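Participant: In my numbering, the protein residues as written are -5 to 292.
Pasting a structure below so you can have a look.
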Amino acid sequence: MKVVIALGGNAFNKPGEPINQDAHLKNIEAAAKIIQRIVQEGHQVVVTHGNGPQVGYFAELQRDSQAFKLDAINALTQGLLGYLIVSALDKALGRGRSAALVTRVEVDCSDPAFKTPTKYIGPIYSEEEAKKLGVMYGWQFKQDPRGGWRRVVPSPTPLRIVEIDIIKRLADAGYVVVAAGGGGIPVCENTGVEGVVDKDLASSLLAIEWKADLLIILTDVDGVYLNFKKPGQRKLDAVRVDELEKYYAEGHFPPGSMGPKVLAAINFIRNGGKRAAIGALEEGYEVFKGVRGTQIIP
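In structure tokens, the structure reads:
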């Protein structure tokens, strides 16, 4: 079976932990053990991952400059996190069983997202700082709900995984492939653009193009809920895709949290996927087996 495993940010950093190499390595070992069990059962695995905290960290380091643009920072964090995942997989599976690939994702240069940036990145600035940087670099800013001002960038729709043929060849050769980190580097007309592709939508696209059987999205909650943290909260243990689409259209899943994950699962199933699953990282193997998390079926 072909399996795409999308790791959320908590695979690297738990809430409140410092962003450093030791914490990353300790946390990723738990994910590596889940991947190990799945691989040892004879399945092909491609791993994707988030990179939001790490992009924010490096954006903070060059707080008032544009020495490296966002596409380069995305590439930097893909390489860094890919190295850490492969290092953990070396311990779990043996050296030489996995490979990390810096991955680009094609987007439409005329995507409406470029006219209405919505994705927060980087540090919080004062209003004065934001205005100054906006003039200097052409950046756009919005008020952050936590206070202050933060840069916002476009989040265009992913259309094609540029390196998909390489991913297929590596996976067919028996490697665990780490790819499309942070949603991949968005490119249009072969040029990197400043934007952030949603990591779950990119993972779904990769799974579709690879013709995967199963897409697993591992995050910091144990499944998909209706009325999350509201009266009448109810977890969906197993749900057909048409029912989940109805709940999505009704606005049950916020765009900044569960919404993209649910949409990614819907897209995968609607494009030939056999099963998608959303659940907690620590229950990852059980989510794979279909006994934990939310299981989405055709």
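From the three backbone atoms N, C-alpha and C, an ideal C-beta is built for every residue, glycine too.
In this text the structure is predicted, and so the values were computed from the model without any measurement.
Since G176 contacts N4 with CB under 8 Å, what's their CB separation in whole angstroms?
Facilitator: If you number the sequence shown from 1, residue 176 lands on position 182. If you number the sequence shown from 1, residue 4 lands on position 10. G176 to N4, Cβ: 15 Å. No contact.
Participant: Check Q60 in the structure and name its three-state DSSP category.
Facilitator: The residue you call residue 60 lines up with position 66 of the sequence shown. Coil at Q60, not helix or strand.
Participant: Assign T97 to buried or exposed, taking buried as 16 or more other Cβ atoms, counted over all protein chains shown, within 10 Å of its Cβ.
Facilitator: The sequence position of residue 97 within the sequence shown is 103, counting from 1. Under this definition T97 is a buried residue.
Participant: DSSP three-state call for Q15: helix, strand or coil?
Facilitator: In the sequence shown, residue 15 corresponds to position 21, counting from 1. Helix, per DSSP.
Participant: Please report the distance separating the alpha-carbon of E344 from that of H43.
Facilitator: Given a span of -5 to 292 for the chain in the structure shown, any question on residue 344 remains unanswerable.
Participant: Taking K136 as the reference, which of S120, M130, T151 and P150 has the closest Cα?
Facilitator: Here residue 136 corresponds to residue number 142 of the sequence shown, with the count starting at 1. With distances taken between Cα atoms, K136 lies closest to S120.
Participant: Entirely within the segment 199 to 273 and at least 4 residues each: give me those alpha helix (DSSP H) ranges in chain order.
Facilitator: Counting whole runs of 4 or more residues, the segment 199 to 273 contains the alpha helix (DSSP H) stretches 235 to 243 and 252 to 264.
Participant: How many angstroms separate the CA atom of L153 from the CA atom of L209?
Facilitator: Residue numbering aside, residue 153 sits at position 159 when the sequence shown is read from its first letter. Residue numbering aside, residue 209 sits at position 215 when the sequence shown is read from its first letter. Straight-line Cα distance between these residues: approximately 18 Å.
Participant: Would you grab the beta carbon distance between V215 and A274 for me? Rounded to a whole angstrom, and I think it's under 8 Å.
Facilitator: Counting from 1 along the sequence shown, the entry for residue 215 is found at position 221. Counting from 1 along the sequence shown, the entry for residue 274 is found at position 280. Confirmed, Cβ separation roughly 6 Å.
Participant: Use the C-beta contact count for A167: other C-beta atoms within 10 angstroms, 16 or more gives buried, fewer gives exposed.
Facilitator: Walking along the sequence shown from the start, residue 167 turns up at place 173. By the neighbour-count rule (16 or more Cβ atoms within 10 Å), A167 is not buried but exposed.
Participant: When DSSP labels each residue in this structure, what does F135 get in the three-state scheme?
Facilitator: Locating residue 135 in the sequence shown gives position 141, counting from the first residue. F135: strand per DSSP, three-state reduction.
Participant: Decide if the segment 190 to 204 is in contact with the segment 218 to 227; the criterion is three or more beta carbon pairs, one per stretch, under 8 Å apart.
Facilitator: no
Participant: Compute the Euclidean distance between the alpha carbons of G73 and F108, then round it to the nearest angstrom.
Facilitator: Along the sequence shown, one-based indexing puts residue 73 at 79. Along the sequence shown, one-based indexing puts residue 108 at 114. Cα to Cα, the separation comes out at about 26 Å.
Participant: Can you tell me which of I29, E54 and V256 puts its alpha carbon nearest to the alpha carbon of A232?
Facilitator: Position 238 of the sequence shown, counted from the start, is the residue given in the question as residue 232. Among I29, E54 and V256, the Cα nearest to that of A232 belongs to V256.
Participant: What does the Cβ neighbour count give for P148, buried or exposed, with the cut at 16 atoms within 10 Å?
Facilitator: Stepping through the sequence shown from its first residue, residue 148 is reached at position 154. Buried.
Participant: Whose C-beta lies closer than 7 Å to the C-beta of L295 among residues of the same chain, with five residues either side of it excluded?
Facilitator: The question about residue 295 has no answer, for the chain in this structure spans -5 to 292.
Participant: What are the boundary residues of the beta strand (DSSP E) that G3 is part of?
Facilitator: Your numbering for residue 3 matches position 9 in the sequence shown. From DSSP, G3 is part of no beta strand (DSSP E); its letter is neither H nor E.
Participant: List, from N- to C-terminal side, the beta strand (DSSP E) runs of 3 residues or more that fit wholly inside the segment 25 to 53.
Facilitator: 38 to 43
Participant: Considering only C-alpha positions, which residue in the set A25, P249 and E203 is nearest to S81?
Facilitator: Position 87 of the sequence shown, counted from the start, is the residue given in the question as residue 81. Shortest Cα-Cα distance from S81 to any of A25, P249 and E203 involves A25.
Participant: Just to confirm my understanding: we take A206, look at its own chain, exclude 5 residues before and 5 after, and list those with CB closer than 7 Å. What are they?
Facilitator: The sequence position of residue 206 within the sequence shown is 212, counting from 1. Cβ within range, chain order: K(-4), V(-3), V(-2) and G267.
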